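Novice: Have a look at this one before I ask anything.
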Amino acid sequence: MALLGTAVALVMAAVLFFAAVAKVASSAPLVDTLERLGLTPFLARAAAPLVPWAELTVGVAVVFRPDSVAVQMGVVILAGCFAIAGLLAFRLKEPVPCSCFGTGGGGKLGSRQTIAFFLWAAGVVVVRRAHIAPALDVGAAQFAAVALSIAAARAVAPVRLWIEGRGDRLSAREMYAWLPSR
Amino acid sequence: MATIALIVAGVLALLVAVLFGALAEMYRDIRQMRDAIGILDRPLPIDIGNVAHTSPRAHGLPRALDSAASALVLFLSDRCGTCRQLAAGLSRPLPDGLWLVLEARSEGSAASFLDRYGLSDEARNGRLVLDVAGDIATRIGLQTTPVAFRVENGLLIQATTVPSSRYLVSILPEPIRLREAG
Chain A
42 MALLGTAVAL VMAAVLFFAA VAKVASSAPL VDTLERLGLT PFLARAAAPL
92 VPWAELTVGV AVVFRPDSVA VQMGVVILAG CFAIAGLLAF RLKEPVPCSC
142 FGTGGGGKLG SRQTIAFFLW AAGVVVVRRA HIAPALDVGA AQFAAVALSI
192 AAARAVAPVR LWIEGRGDRL SAREMYAWLP SR
Chain B
5 MATIALIVAG VLALLVAVLF GALAEMYRDI RQMRDAIGIL DRPLPIDIGN
55 VAHTSPRAHG LPRALDSAAS ALVLFLSDRC GTCRQLAAGL SRPLPDGLWL
105 VLEARSEGSA ASFLDRYGLS DEARNGRLVL DVAGDIATRI GLQTTPVAFR
155 VENGLLIQAT TVPSSRYLVS ILPEPIRLRE AG
């Protein structure tokens, strides 16, 4: 049970880290989403930077203190906020972009976030029943492992775009050679 | 000490993940700019004049093309960067309906090109024609590469430059098959 609890806690932390770093890189899509959900532009701009930091804080806390009730409540509250946003979007007639994972994700807010709430809640139940309380050095190792995994996963997009961009640049160079002859 | 080092490594990994996101954003911006100024995968149509509606064999191309319902003849040169990029991106064996003509400065450079891009088998089975002296290109009046000629019902119909592998894949002839009756 402890192994399962640790695995679930690390997966939850990884999802939170991934979402946080994506939003830190570009908060504009999140501001747009919050405005569409009904927040004033001022409030949306003020709230958008807080979301990734909340995700990051809860993610770090889940790695180091998964046994803490406050941390478990933090996960549930965060997931609850996402579910409420999903429900609000569900009531709107127009689709609202999720911006859950920055500009890379093209999903829409809606039922997914509501379903995800139950998954988060189930994860918290598993972690709570596992009674895991890693030592600081173990937590640090797990934090480093999760963070490195996130960095590796995030490297995929720029590498793919770099290869595509290089192909476009070579094509453009060839086209410059053709154009004067026309 | 090790604990602190692991935490620092984790924080740095998250920072790198954020930077990867920023880098991906930058590549997307560059792509948008290339798109706006029209240097992204823009093929140029080629006026083939008297070559239109003539038999491929009349220009030294393989006899099999005269009976092809739909085919694409791609002219590559060992001297052009985009041609090398296209050659590297080709699947082996070649896609159905794709034939290659390789213009080369000498037999040695042609052999080197074939070896480098794994096209020797295609040359042996006749899907790749070597044009060492430039005979085929001269007969057609072709002065630029990479260029693709479309063959329909055994006749050369039109030609276009091929700026990238992505564009080449998009113009490959794909036979539309009927569903089996019953």
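As they're listed, the protein sequences go chains A and B. Its first residue numbered 42, the first sequence is counted upward by one per residue in our numbering. Its first residue numbered 5, the second sequence is counted upward by one per residue in our numbering. Every residue gets a Cβ at the ideal spot worked out from N, C-alpha and C, and that includes glycine. All values reported here derive from a predicted model rather than from experimental measurement.
1. Using the C-alpha atoms, what's the distance from GLY115/A back to LEU177/A?
2. Over what stretch of residues does the alpha helix (DSSP H) that includes PHE117/B continue unbroken?
3. Just reading off the alpha helix (DSSP H) that ASP125/B is part of, what are its end residues?
4. Going along chain B in order, which residues have a C-beta closer than 8 Å to the C-beta of PRO175/A?
5. Figure out for me which residue from GLY101/B, PRO97/B, SER95/B, ARG88/B has the closest Cα to the Cα of SER113/B.
6. Do you know whose CA, among VAL137/A, HIS172/A, SER152/A, ASP73/A, lies nearest VAL45/A's CA?
7. Inspect the beta-carbon positions of LEU159/B and THR86/B and report whether they are closer than 8 Å.
8. I think LYS64/A touches LEU57/A, with their Cβ atoms under 8 Å apart; what is that distance to the nearest whole Å?
9. Tell me, please, whether the segment 92 to 111 of chain B touches the segment 122 to 132 of chain B by the rule of three or more beta-carbon pairs shorter than 8 Å.
10. Taking 8 Å as the threshold (beta carbon to beta carbon), is ASN20/B in contact with chain A?
11. For a cutoff of 8 Å on Cβ pairs, would you count ARG195/A as touching chain B?
12. Let me know the secondary structure DSSP gives LEU159/B once reduced to three states.
13. With LEU10/B as the anchor, note down where its alpha helix (DSSP H) starts and where it stops.
14. Does ILE118/A come within less than 8 Å of chain B when only Cβ atoms are used?
15. Check the Cβ-Cβ distances between GLY151/A and every residue of chain B, and say whether any is below 8 Å.
16. To the nearest angstrom, how far is it from the Cα of TRP103/B to the Cα of THR164/B?
17. For LEU51/A, is the beta carbon positioned less than 7 Å from some heavy atom of the ligand PLP?
18. Quick one: which chain B residues come within Cβ less than 7 Å of ALA66/A?
19. So which residues on chain B does ASP73/A lean against when the C-beta distance must stay under 9 Å?
20. By the criterion of Cβ-Cβ separation under 7 Å, what are the contact partners of THR7/B in chain A?
21. Are LEU80/B and PRO150/B touching if we call contact CB-CB under 8 Å?
22. In terms of residues, what are the limits of the beta strand (DSSP E) holding ALA75/B?
23. Might you give, ordered along the chain, the residues of its own chain that have their beta carbon closer than 6 Å to the beta carbon of ALA186/A, omitting 5 neighbours on each side?
24. Provide the residue(s) that pair with ALA185/A in DSSP beta bridges, ordered along the chain.
25. DSSP three-state label for SER222/A, please.
26. Kindly indicate if chain A contains any beta-carbon less than 8 Å away from that of GLN36/B.
27. So for PHE158/A, helix, strand or coil by DSSP?
28. Along the alpha helix (DSSP H) that carries VAL112/A, what are the first and last residues, could you check?
29. Can you give me the Cβ contacts of SER152/A inside the same chain, cut-off strictly under 8 Å, excluding the 5 residues immediately before and after it?
30. Once you ignore the five residues that flank MET53/A on each side, which residues in its own chain have a CB closer than 6 Å to its CB?
31. Checking the sheet assignment: what are the DSSP bridge partners for VAL56/A?
32. With a threshold of 6 Å on Cβ separation, who are the neighbours of GLN162/B within its own chain once the five nearest residues in sequence on each side are excluded?
Specialist: Reading from the atomic positions:
1. Counting from one through the first sequence, the residue named residue 177/A turns up at place 136. Counting from one through the first sequence, the residue named residue 115/A turns up at place 74. One C-alpha to the other measures close to 20 Å.
2. To locate residue 117/B, count along the second sequence from 1; it is residue 113. Per DSSP, PHE117/B belongs to the alpha helix (DSSP H) from 111 to 120.
3. Counted from its first residue, the second sequence places residue 125/B at position 121. Looking at the DSSP string, the run of the alpha helix (DSSP H) that includes ASP125/B is 124 to 128.
4. As a first step, residue 175/A is located in the first sequence; it is residue number 134 there, counting from the start. Near PRO175/A there are no residues of chain B at all, since even the closest Cβ is about 11 Å away, more than 8 Å.
5. To locate residue 113/B, count along the second sequence from 1; it is residue 109. Nearest option by C-alpha distance: ARG88/B.
6. Here residue 45/A refers to the residue found at position 4 of the first sequence. For the sequence presented, residue 45/A should be read as Leu rather than Val. Selected option, being the one with the closest Cα: HIS172/A.
7. Looking up residue 159/B in the second sequence gives position 155. Looking up residue 86/B in the second sequence gives position 82. No. Outside cutoff.
8. As a first step, residue 64/A must be located in the first sequence, where it is residue number 23. As a first step, residue 57/A must be located in the first sequence, where it is residue number 16. Contact flag wrong, Cβ pair sits at about 11 Å.
9. yes
10. One-based indexing of the second sequence puts residue 20/B at position 16. First, the residue type needs correcting, since residue 20/B is Val and not Asn in the sequence shown. Answer yes: the Cβ-Cβ gap between VAL20/B and chain A drops below 8 Å somewhere.
11. By 1-based counting over the first sequence, the position of residue 195/A is 154. Yes - at least one Cβ of chain B is within 8 Å of the one on ARG195/A.
12. Looking up residue 159/B in the second sequence gives position 155. Three-state DSSP puts LEU159/B in a strand.
13. Translated into the one-based positions of the second sequence, residue 10/B becomes position 6. Residues 6 to 40.
14. For the purposes of this step, residue 118/A is taken as the residue at position 77 of the first sequence. Taking Cβ atoms only, chain B never reaches closer than 8 Å to ILE118/A, which makes this a no.
15. In the first sequence, residue 151/A corresponds to position 110, counting from 1. Answer no: the Cβ-Cβ gap between GLY151/A and chain B never drops below 8 Å.
16. Position 99 of the second sequence, counted from the start, is the residue given in the question as residue 103/B. Position 160 of the second sequence, counted from the start, is the residue given in the question as residue 164/B. Spanning the two alpha carbons is a distance of roughly 15 Å.
17. Of ligands this structure carries none, so the ligand PLP is not represented either.
18. Counting from one through the first sequence, the residue named residue 66/A turns up at place 25. Ordered by position in chain B, the residues that pass the 7 Å Cβ test against ALA66/A are VAL22, GLY25, ALA26, GLU29.
19. As a first step, residue 73/A must be located in the first sequence, where it is residue number 32. Under the 9 Å cutoff, chain B gives no residues; its nearest Cβ is about 15 Å from ASP73/A.
20. Taking the first residue of the second sequence as position 1, residue 7/B is located at position 3. Per Cβ cutoff of 7 Å: LEU177, ASP178, ALA181.
21. Mapped onto the second sequence, residue 80/B falls at position 76. Mapped onto the second sequence, residue 150/B falls at position 146. In this structure, PRO150/B lies closer than 8 Å to LEU80/B by Cβ.
22. Locating residue 75/B in the second sequence gives position 71, counting from the first residue. Segment 74 to 81, the beta strand (DSSP E) holding ALA75/B.
23. By 1-based counting over the first sequence, the position of residue 186/A is 145. Answer for ALA186/A: no residue qualifies.
24. The count along the first sequence starts at 1 and reaches residue 185/A at position 144. Bridge partners of ALA185/A: none, in fact.
25. For this step, residue 222/A is matched to residue 181 along the first sequence. Interpretation of SER222/A is limited by its pLDDT of 42, a score under 50 that renders its predicted location unreliable; no figure is taken from the coordinates.
26. As a position in the second sequence, residue 36/B is number 32, starting the count at 1. It does not: the Cβ of GLN36/B has no partner Cβ on chain A nearer than 8 Å.
27. Sequence index remark: in the first sequence, residue 158/A carries index 117 (1-based). Helix at PHE158/A.
28. If you number the first sequence from 1, residue 112/A lands on position 71. Segment 110 to 132, the alpha helix (DSSP H) holding VAL112/A.
29. By 1-based counting over the first sequence, the position of residue 152/A is 111. Result list for SER152/A: GLY127, PHE131, in chain order.
30. As a position in the first sequence, residue 53/A is number 12, starting the count at 1. Answer for MET53/A: VAL103, GLY164, listed in chain order.
31. Residue 56/A sits at position 15 when you count from the first residue of the first sequence. In DSSP, VAL56/A forms no bridge with anything.
32. Translated into the one-based positions of the second sequence, residue 162/B becomes position 158. Closer than 6 Å at the Cβ level, and outside the excluded window around GLN162/B, lie ARG154.
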